[in-house]
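K.L.:
Residue numbers (mature numbering (1 follows the signal peptide of the UniProt record, and there is no 0)): -18 to -1, 1 to 509. This is the structure I want to talk about, given as structure tokens.
See the structure below:
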């Protein structure tokens, strides 16, 4: 039976909870600000307050049945809002608004009170000034730190300055006060929080908040430069941690004013301390990273981001190296050109050698045979013609690369190169030789005294005589000359003409004149 009753009760509770519709809102207010809570109906509205600080389950009734119960609240003239005056940290919590006309609609307002409406940001070690304008003295200065100690549940209030204008023992030497302002020197991270100023009657007149930020320094140094880190505090009151960009692993290098032993190998013999300065000499590219300075409580003081430039050669060295590189490049280009020429010559030589090797095979051998036969025939004909010209006068004249010899035969001057400029091949590039077939006439034919008689060579028949270029030769006296070894001791034979009669002086004169005419013709031809 008891089990059944429990089930029924849980079902009823779930039904009731399903019918309730809770609407929750968050509202942020500044210290000493008035907060207005809207009420749907004056007579049927109930307002409850559940503070965030205090025993769990404690509730305060602010308004019920149209009547204001708490002295901390009041209604506005229009009777539409409930006003909370001069809210502070003690007013933080949840405000529940219920209406008996609509019991299913419940509104929760979560109130958050900020310490102050004015916030100031200062760097570590700077001086914080609090103006006292429009505040009748003597004033009282209270401080509430933003960081709550672990053994405390609420923010403790610290008295910095009382009515006698004397700072407390802890802040002597750091806090000074005048009629116009209060100054706090050398602020640290422990000074973060809210500062409240009260007048002579103890009423709060101003509240400000202080935020202490660490120094941010970005340093870019050349290779082998010197890094100087301002510790803000004396080196005996700080700790320095170093995080290189290479491995992102933080390491302690300075603690309580002394270098940590063993020192990091990358910084050994280059790091030193001098008063409130930490000096790193001969920085390297691998030293790039973050140097973080904190006080002994671990609060940040300064961050130094170091960036080291890569090593650079002097401008003069760069110019010299560039010039040498250019010269080396030109030399390499010349060497490459020479190698290409040598390779081309080697390829040409191999091609010529290949042609020479293949000259004795197949068509090459047939070509050589044809050339050899043609050259043999030409040589025989030249020999025959040279026999016909054996009795003529020797005359050699060079005319524009031609050699004329033995009465009108001419030859081209030989050259050791072909027309294209390449060396001649011994088998195929031989220079051509031309032999003239010019007719030679004797003095008897020139002066017209005798009729020429054609004489054929002993080894050439009339049928083998070339038809295109007949060769005529006059009959001459082939007797040995006077004074030669053949005529020694022999009487000269009397000269006769073609009819067998003796030759007279007139015939000799005419023959001489014919020879002169022939010589003149040869000279004209040479010219």
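C-beta: ideal position from N, C-alpha, C; glycine also.
Does the distance from the C-beta atom of residue 67 to that of residue 202 stay below 7 angstroms?
P.N.:
In this structure, residue 202 does not lie closer than 7 angstroms to residue 67 by Cβ.
K.L.:
Quick one, which of 217, 121, 95 and 295 has its alpha-carbon nearest residue 179's?
P.N.:
The option with the nearest alpha carbon to residue 179 is 121.
K.L.:
Is residue 216 helix, strand or coil when you go by DSSP?
P.N.:
coil
K.L.:
From the DSSP output, which residues share a beta bridge with residue 55?
P.N.:
66
K.L.:
Taking 7 angstroms as the cut-off, decide whether the C-beta atoms of residue 61 and residue 55 are in contact.
P.N.:
no
K.L.:
Can you give the Cα-Cα distance for residue 222 and residue 260, rounded to whole angstroms?
P.N.:
9 angstroms
K.L.:
Work out the CA separation of residue 101 and residue 241 for me, nearest whole Å.
P.N.:
38 angstroms
K.L.:
Are residue 126 and residue 82 closer than 7 angstroms when you measure CB to CB?
P.N.:
no
K.L.:
If you drop the 5 nearest sequence neighbours on each side, which residues of the same chain put their C-beta closer than 6 angstroms to that of residue 292?
P.N.:
267
K.L.:
Answer yes or no: do residue 45 and residue 69 have a C-beta to C-beta separation smaller than 7 angstroms?
P.N.:
no
K.L.:
Taking DSSP as the reference, what is the three-state secondary structure of residue 98?
P.N.:
coil
K.L.:
Assuming contact is defined by CB atoms lying nearer than 7 angstroms, are residue 182 and residue 118 in contact in what I supplied?
P.N.:
Going by C-beta atoms, residue 182 is nearer than 7 angstroms to residue 118.
K.L.:
Would you check if the stretch 208 to 217 and the stretch 247 to 265 touch, i.e. whether three or more CB-CB distances between them fall below 8 angstroms?
P.N.:
Yes, since at least three Cβ pairs between the stretch 247 to 265 and the stretch 208 to 217 fall closer than 8 angstroms, the two stretches touch.
K.L.:
Helix, strand or coil: how does DSSP classify residue 205 here?
P.N.:
Under the three-state reduction of DSSP output, residue 205 falls in the coil class, being neither helix nor strand.
K.L.:
Taking Cβ to Cβ, would you say residue 78 is nearer than 7 angstroms to residue 92?
P.N.:
no
K.L.:
Since residue 558 is in the beta strand (DSSP E), which residue starts that stretch and which ends it?
P.N.:
No information on residue 558 is available, as it lies outside the stretch -18 to 509 that the chain covers here.
K.L.:
How would you label residue 217, buried or exposed, when you count the other beta carbons within 10 angstroms and need 16 or more for buried?
P.N.:
buried
K.L.:
Alpha carbon to alpha carbon, what distance is there between residue 41 and residue 33?
P.N.:
7 angstroms
K.L.:
So residue 105 packs on residue 195, CB below 8 angstroms; how close in whole Å?
P.N.:
6 angstroms
K.L.:
Taking only runs of the beta strand (DSSP E) that begin and end inside the stretch 209 to 297, which ones reach a length of at least 3 residues, in chain order?
P.N.:
209 to 212, 220 to 226, 233 to 237, 253 to 256, 259 to 262, 271 to 277 and 282 to 290
K.L.:
Considering only DSSP beta bridges, list what residue 529 is partnered with.
P.N.:
This structure does not reach residue 529, given that the chain is present from -18 up to 509, and the question cannot be answered.
K.L.:
Look up residue 186 in the DSSP assignment and give the residues it is bridged to.
P.N.:
180
K.L.:
DSSP state of residue 195, grouped into three classes?
P.N.:
strand
K.L.:
Using only CA atoms, which one of 14, 360 and 153 lies nearest to residue 140?
P.N.:
153
K.L.:
From the DSSP output, in three-state form, read off residue 21 for me.
P.N.:
coil
K.L.:
Using DSSP bridges, identify the partner residues of residue 45.
P.N.:
29 and 50
K.L.:
How would you write the range of the beta strand (DSSP E) that residue 165 sits in, first residue to last?
P.N.:
Per DSSP, residue 165 belongs to the beta strand (DSSP E) from 163 to 166.
K.L.:
Which residue wins for smallest C-alpha separation from residue 24, given the options 320, 334, 162 and 59?
P.N.:
59
K.L.:
For the candidate residues 224, 145 and 98, whose alpha-carbon lies nearest to that of residue 274?
P.N.:
Residue 224 is the option with its Cα nearest to residue 274.
K.L.:
Among 214, 237, 213 and 248, which one has its Cα closest to the Cα of residue 229?
P.N.:
248
K.L.:
Taking the DSSP output, what are the residues bridged to residue 110?
P.N.:
166
K.L.:
Drop a sphere of 10 angstroms on the beta-carbon of residue 286, count the other beta-carbons inside from all chains shown, and report buried for 16 or more, exposed for fewer.
P.N.:
buried
K.L.:
What residue range is occupied by the uninterrupted beta strand (DSSP E) comprising residue 76?
P.N.:
75 to 81
K.L.:
Nearest to residue 190 by CA position, among 107, 334 and 111, is which residue?
P.N.:
Nearest Cα to residue 190 within the set 107, 334 and 111: 111.
K.L.:
Go ahead and pull the three-state DSSP assignment for residue 358.
P.N.:
helix
K.L.:
Within this structure, are the beta carbons of residue 88 and residue 4 separated by less than 7 angstroms?
P.N.:
Between residue 88 and residue 4, the CB-CB gap stays under 7 angstroms.
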